[in-house]
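J.:
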Amino acid sequence: MDEQALLGLNPNADARYRQRAMAYFEQLKESQDAWEVCAEALAKGIYNDDHVKFFCFQVLEHQIKFRHAALSAAQQQLIRETLMKWLQCQLMNTQPEKPFIRNKAAQVLALTFIMEYLTMWPKFFFDILTLVGLNPHGVDIYLRTLMAIDAEVVDRDILHTPEVKTRRNTLIKDTMREQCIPSLVESWFQILQTYQLSHPELTCQCLEVVGAYVSWIDLNLIANDRFVNLLLSQMSVEELREEACDCLFEIVNKGMDPVDKTKLVESLCQVLQSAGFFNVEQEEDVDFLAKFSRLVNGMGQSLVLSWTKLAKAGNVKDAAETLQAVEAKVPLLLQLLVHEDDDISANIVGFCYEYLHVLKQLPQLTDQQKTNIEAVMLAVMKKLTYDDEYNFENEGEDEAMFVEYRKQLKMLLDRLAQVSPELLLEAVRRVFTNTMQSWQTAPFMEVEVAIRLLYMLGEALPASHGAHFSGDTAKTSALQDMMRTLVSCGVSSYQHSSVSLEFFETVVRYDKFFIVEPQHIPNVLMTFLDQRGLRHNSPKVRSRVAYLFSRFIKTLHKHMNAFIEEILTRIQDLLELAPPENGFPALLTSDDQLFMFETAGVLIVNSECPVERKQALMRSLLTPLMDAFRLLLAKLPQETETERQAALADCLSHAVGFARRTGCDVYRDCLQTFLPALSCPVQRAVLRSSVRSFLHRMIICMEEEVLPFVPAASEHMLKDCEAKDLQEFIPLISQITAKFKRQVSPFLQQVFMPLVLAIFEVLARPAEDNDQAAALEKQMLRRSYFSFIQTVTGSGMNEVMANQGAENIERVLFTIIQGAVDFPDPIAQKTCFIILSKLVELWGGKDGMVGFPDFIYKHIVPACFLAPLKPTFDLSDAQTVLTLSECAVTLKMIHLKRGPECIQFLQQDYLPSLQVSPEISQELCQVLQQPDVKVLKNYIKVGLPCDV
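Reminder that position 137 of the sequence shown reads as 191 in the working numbering, one-by-one numbering, no gaps.
Structural data, given as structure tokens:
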């Protein structure tokens, strides 16, 4: 072997050696026989370096995986002998190989097994078991190999494709069941029995193998007294108990007849209970209990599945016995569900959920079942509670896991509501009322969970459009009582952020309560506006309350008339534009302020004030904003630091966003204030983007009043453009064109060529061949350009293009022809043919544009034939099919406008120039003259590319 190249296998080797090692690896992989030196090195144990051993196995793996069929019989035999010799060496070594070597060896053995077991090496397992016996090093490789085979042949979590492999895997499993599984199971029993005290790690490996294989082998080989007793005894051995638990879980999880499954689970439970495993409170090992909880969950879900099948089949007797078995597990379920360790509790949630689903299907509940439901409710309520360690200021992984666990508990609560809504409502009411009576002295977690439960009822007991306070009297009465207590007991003053957040979330969830009892609105408004809400000391609370306040006001704006001016006064300082240089951290972020401006706008617009008062209020809201905008805009060009420029530009952008959220009568003033930002020489992208968005909104809000501002805005936006600028500007012009049509015709005639020339200039800029981002930007700009032309032509304003002068018109027309034929972009091509069809309709008749008929015959007709003939024209692509359809529509429009002249041109001039036979030419012209365009579309789709 190339010793110099092998030096590069060490992770610490320099790049030159590593490169040489990679090249050597490729050489050995691709050679017919060079890999044999690796086989020899493994068989004889020539190298001690772990990286070299791993390398040799990798080379061997490549041969087996990708070249096995091409190897000679002697070479295949060499691989088998190499692996067996290497395995024999392991039996004699005092120290085992490193785990990564053993895993790779197991993978190579597993690959060899898959390739050869059905044909050349049917005695694979016999040979390995005969060789390794009960040698611990050999047993380790044997067990790793079995897991590697499972990963390749069985494991459902690993995607195995294609179908050939699926058939092969099925055949391998069938053959193993017939020939060797009983021997393998016997070997597992011997390993478990022999090594349970001396080599717990081997025993755990073996338990993992049993768990993996039990899903597809005969269960009677495992689920028998001898094997199960051994597994149960290992449940009492500290080093083995978790793996034994997992193994029993896999046994219980195996699909089987429902009656047999019930018997299996019941026999297991009997033995586990006798051994004291059901005494959960006496067990201190939480890791084991988490595994045990998973096992009980598996047993419970298996029993529920058996009951479902038996009940469906009408087997009343066995179904009743299975339900009895399910009910018998509920006390254990409750112990695990309420356990202080959340992992243990979370592992049993599935069984609990399924049990409640069973109760939901029963016609009547027994007293014991009702007691069970209440016990589950109490357990869920207890487990929803935060613990002391929860870090609200710096939420990490543990906190995220608890949030996920809470979601699981919420599912249980929702299911409880389906089983017995009355019991749930009463239980929540009891907990809530008791807690609110003593909230001043209660720990925060109890107060938070009491309010949380009220909040969760909103989803657990759903109401159409949040109408929780109409309909069912018992429910509405209970909810009203609780809401009344919530807003009047003073709990909003509780000094903990979690309680504050839960209070506001609940108030907004049940905002329709205040329509029923509007007398509580003033107090709740104050809660939002003072240090309990928008001025809370927690930024997280302030931020959330800003959003919730906007939702509250939107729902109840009709009840706000008496409070509008006070609200606006109290939030005035929260609406100030906070420039980055003032040094004081703002109470609200810019995003939060968006909601505040929206809230102010909703209040003013929906108020019952006279119009003049509304306008005055809106001016007092927006004037400070516009003043600050002008000040900062003047300061921005003088700023030299890029970071400070960006911060100021962001601030200006937010100001525009705030105004956009208000919905007001002073937009004209806003526009006059914001438009100068378009000519700012720095931070153009941010400023242009925000002003452009504002203009989009103004087109809808101001209608024709916006039009005087558009020309100046367009002029600024077309200066020093990038592709992205133009791409975002074109939709604005298209929106204006589509909305105002002829009203903006003079403006469009004026802006048309400057815009088109700006686009041409950007598209003509050179870019690197491999710059995909630039290529994509140009493609998107080209599409936007064609969309703009389509909007103009489709809005009935042919004068916009017609008045651009012959030279300019010709230039634009050629770009459309080019877009239809030359660029392999079916979306753009389709748009181009739509434009061409429209132009033919507008200008192709007798009284059309001078010279346009010549253009039709010289360029548009050829485009309709050349585009589909391009190799890039892929009819398996849906967009391309649509392009072909538009191509047919264009031809049809030409015939419609030019009549027999078009047929004559095709038959006598154009089609002969393409060497089309007279028969095909005549057939095409006949189809073209059919009144239904669908006939032509189908003809072109089926026949044209191969006929022409």
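All C-beta atoms in this analysis are idealised placements derived from N, C-alpha and C, irrespective of residue type, glycine included.
Treat the numbers as computed from the prediction; the structure is a model and nothing was measured.
Which of the three DSSP states, helix, strand or coil, is assigned to residue 110?
T.: Reduced to three states, the DSSP call for residue 110 is helix.
J.: State the DSSP-derived secondary structure class of residue 402, mapped to helix, strand or coil.
T.: Coil, per DSSP.
J.: Could you give the first and the last residue of the continuous alpha helix (DSSP H) run that contains residue 979?
T.: Where residue 979 is concerned, the enclosing alpha helix (DSSP H) stretches over 972 to 982.
J.: Let me make sure I understand the geometry here. Which of 179, 706, 106, 118 has the alpha-carbon closest to that of residue 1052?
T.: Limits of the chain in this structure are 55 at one end and 1002 at the other, which puts residue 1052 out of reach.
J.: Identify, in the order they occur along the chain, each residue of the same chain with its Cβ nearer than 6 Å to the Cβ of residue 673, setting aside the five sequence neighbours on each side.
T.: Answer for residue 673: 720, listed in chain order.
J.: If you draw a straight line from the C-alpha of residue 247 to the C-alpha of residue 440, how long is it?
T.: One C-alpha to the other measures close to 45 Å.
J.: For residue 911 and residue 690, what's the separation of their Cα atoms in angstroms?
T.: C-alpha separation (whole angstroms): 56 Å.
J.: Straight-line CA distance for residue 214 to residue 207?
T.: With a pLDDT of 49 at residue 214, under the threshold of 50, the modelled position of that residue is not reliable, and no figure is offered here.
J.: Restricting to Cα atoms, I'd like to know which of 485, 98, 129 is closest to residue 88.
T.: The shortest C-alpha separation from residue 88 is found at 129.
J.: In terms of residues, what are the limits of the alpha helix (DSSP H) holding residue 728?
T.: Residues 721 to 728.
J.: Mind the definition here: the region 614 to 627 touches the region 651 to 668 only if three or more C-beta pairs lie below 8 Å; say whether that holds.
T.: Contact holds: three or more Cβ-Cβ distances are below 8 Å.
J.: Going by C-alpha to C-alpha distance, which of 562, 565, 521, 501 sits closest to residue 543?
T.: Answer by Cα proximity: 501.
J.: First and last residue of the alpha helix (DSSP H) that includes residue 208?
T.: Neither: residue 208 is in no alpha helix (DSSP H) and is coded neither H nor E.
J.: Around the C-beta of residue 821, are 16 or more other C-beta atoms found within 10 angstroms, so that it is buried, or is it exposed?
T.: So residue 821 counts as exposed.
J.: The alpha helix (DSSP H) that contains residue 532, what's its start and end?
T.: Here the alpha helix (DSSP H) through residue 532 covers 527 to 542.
J.: Which residues bound the alpha helix (DSSP H) around residue 870?
T.: Element bounds for residue 870: 860 to 875.
J.: What do you reckon, are the CB atoms on residue 188 and residue 245 nearer than 9 Å?
T.: Contact: yes.
J.: Looking only at its own chain, which residues have a Cβ that is under 7 Å from the Cβ of residue 493, when we skip the five neighbours before and after it?
T.: Answer for residue 493: 501, 543, 545, 548, listed in chain order.
J.: Using a Cβ-Cβ cut-off of 6 Å (strictly less than) and excluding sequence neighbours within five positions of residue 152, which residues of its own chain qualify?
T.: Within the same chain, residue 152 has close Cβ partners 104.
J.: Are at least three pairs of beta-carbons, each pair with one atom in the region 839 to 847 and one in the region 790 to 808, less than 8 Å apart?
T.: Yes, the region 839 to 847 is in contact with the region 790 to 808.
J.: Can you tell me where the alpha helix (DSSP H) holding residue 603 begins and where it ends?
T.: Where residue 603 is concerned, the enclosing alpha helix (DSSP H) stretches over 593 to 610.
J.: Give the single residue among 564, 715, 780, 741 whose Cα lies nearest to the Cα of residue 755.
T.: Nearest of 564, 715, 780, 741 to residue 755, Cα basis: 715.
J.: Can you give me the start and stop residues for the alpha helix (DSSP H) that residue 571 sits inside?
T.: Unbroken run through residue 571: none, as it is neither H nor E.
J.: Would you call the CB atoms of residue 387 and residue 431 closer than 9 Å?
T.: Contact: no.
J.: Is residue 898 near residue 947, with beta carbons less than 9 Å apart?
T.: Their beta carbons are under 9 Å apart, which means residue 898 touches residue 947 by this criterion.
J.: Going along the chain, which residues of its own chain have a beta-carbon closer than 6 Å to the beta-carbon of residue 471, five neighbours each way excluded?
T.: Cβ within range, chain order: 478, 514, 515.
J.: Touching or not, the region 662 to 673 and the region 701 to 710, by the rule of three or more beta carbon pairs under 8 Å?
T.: With a cut-off of 8 Å, the region 701 to 710 and the region 662 to 673 do not count as touching, because too few Cβ pairs lie within range.
J.: If distances are taken between C-alpha atoms only, which option among 753, 819, 835, 694 comes closest to residue 795?
T.: That would be 753, whose Cα lies nearest to the Cα of residue 795.
J.: Using 10 angstroms around the beta-carbon of residue 519, count the other beta-carbons present and answer buried if the total reaches 16, otherwise exposed.
T.: Exposed is the call here.
J.: Which residues mark the beginning and the end of the alpha helix (DSSP H) in which residue 347 is found?
T.: 340 to 366 is the extent of the alpha helix (DSSP H) around residue 347.
J.: Do you know whose CA, among 469, 499, 847, 117, lies nearest residue 80's CA?
T.: Comparing Cα positions, the closest option is 117.
J.: Can you tell me whether residue 425 is buried or exposed, with buried defined as 16 or more other CB within 10 angstroms of its CB?
T.: With fewer than 16 Cβ atoms within 10 Å of its Cβ, residue 425 is classed as exposed.
J.: When the distance is taken between beta carbons, is residue 879 closer than 9 Å to residue 836?
T.: Closer than 9 Å, so yes.
J.: So, using beta-carbon positions, are residue 357 and residue 376 closer together than 9 Å?
T.: Going by C-beta atoms, residue 357 is nearer than 9 Å to residue 376.
J.: For residue 859, count the other beta carbons within 10 Å of its own beta carbon; 16 or more makes it buried, fewer makes it exposed. Which is it?
T.: Residue 859 should be labelled exposed.
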